[in-house]
Amino acid sequence: MEVLILILLLGLAGLVAYFFKFSSDDAKQQKNTEDAKVKKISDLEIEISRKDAEMKKMMDERQKLEEEFFKVKDQVDIYKKENAELMSKVKVLEKAKEESQGAKEDIRQKEMMLQQETVARQKLQGEISLKEMEMDKINKELETVKLELKTKTQMFDGLRGQYDELEAEIVRLREPKVEPKVEPKVEPKVEPKVEPKVEPKVEPKVEPKVEPKVEPKVEPKVEP
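Residues 1 to 224 in my numbering are what the sequence shown lists, from first letter to last.
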């Protein structure tokens, strides 16, 4: 009897030890899961901070490029205005040349004026060519700035998309995990089908109608 009690006590002690070991392993596993989640959130926050710094730097560079773009655009407008003024001067000189060719008096003076006008025209044409070369150079610089601005904008949009994805991942990780609730399956109750009771149809009994018997009336025969 004592041996049996000792065996039962040993078995109970083994069950208790197994229960405590299982509970300890479960708690340790849960703690490891929480630690991993906290570490992942921390890493994501660090990544977001780095992306924020990159985005700020990109925005500053974009602002500088926009300022440079508008500055170059203003210079182009100035050169266009100067070119228009030079072209108007050339037209005036062309008109003066036509008028001088039609004049008959003071030929020598007109020839001198024509020579001076030719020199001035050549000088103006040289200035126009120089301005056109400068304008071509500025247009090339403007195209380069536009391309850099487009590249920076695309990079900024890409960083913005990564930032939104990281932010959504943090929100998802911070949400508590909800176990799906399983509803017990209820079997539908089937009512027994009751056939309606049909009463036999009773035809009413009809008594035959008896006609009264009428005796034929006999007339007395009268002899003539």
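Using N, Cα and C, we set each Cβ at its ideal position, and we do this for glycine too.
Checklist entry - Can you find at least 3 beta carbon pairs, one from the segment 48-59 and one from the segment 70-85, that sit closer than 8 Å? => result no
Checklist entry - Thinking C-alpha only, which one of I41, K31, Q29 and A13 is nearest A168? => result I41
Item to check | Nearest-angstrom Cα separation, counted from E82 out to T118 | outcome: 21 Å
Checklist entry - Among E143, V38 and I7, which residue has its Cα nearest to the Cα of R174? => result V38
Checklist entry - Per the contact definition of three or more C-beta pairs closer than 8 Å, is the segment 117-132 in contact with the segment 82-94? => result yes
Item to check | Cβ shell of V90 (< 6 Å), same chain only, five flanking positions each side left out | outcome: L124
Checklist entry - What's the C-alpha gap between A96 and Q115? => result 12 Å
Checklist entry - For M55 versus F156, is the C-beta spacing smaller than 8 Å? => result yes
Next on the checklist: Just to check my reading of the structure: L166 and I48 have Cβ atoms closer than 8 Å, yes? What is that Cβ distance to the nearest angstrom?
Outcome noted: 5 Å
Checklist entry - What whole-angstrom Cβ distance do I170 and L44 have, given they're in contact under 8 Å? => result 5 Å
Checklist entry - If you draw a straight line from the alpha carbon of I7 to that of L15, how long is it in whole angstroms? => result 12 Å
Next on the checklist: Can you tell me whether E143 is helix, strand or coil according to DSSP?
Outcome noted: helix
Checklist entry - If you draw a straight line from the alpha carbon of K51 to that of Q154, how long is it in whole angstroms? => result 15 Å
Checklist entry - Near L149, which residues of its chain fall below 8 Å by C-beta distance, leaving aside the five closest residues on each side in sequence? => result R62, L65, E66 and F69
Next on the checklist: With the cut-off set at 8 Å, would you say L226 and R121 are in Cβ contact?
Outcome noted: Outside the modelled stretch of the chain, which goes from 1 to 224, sits residue 226, for which no answer is possible.
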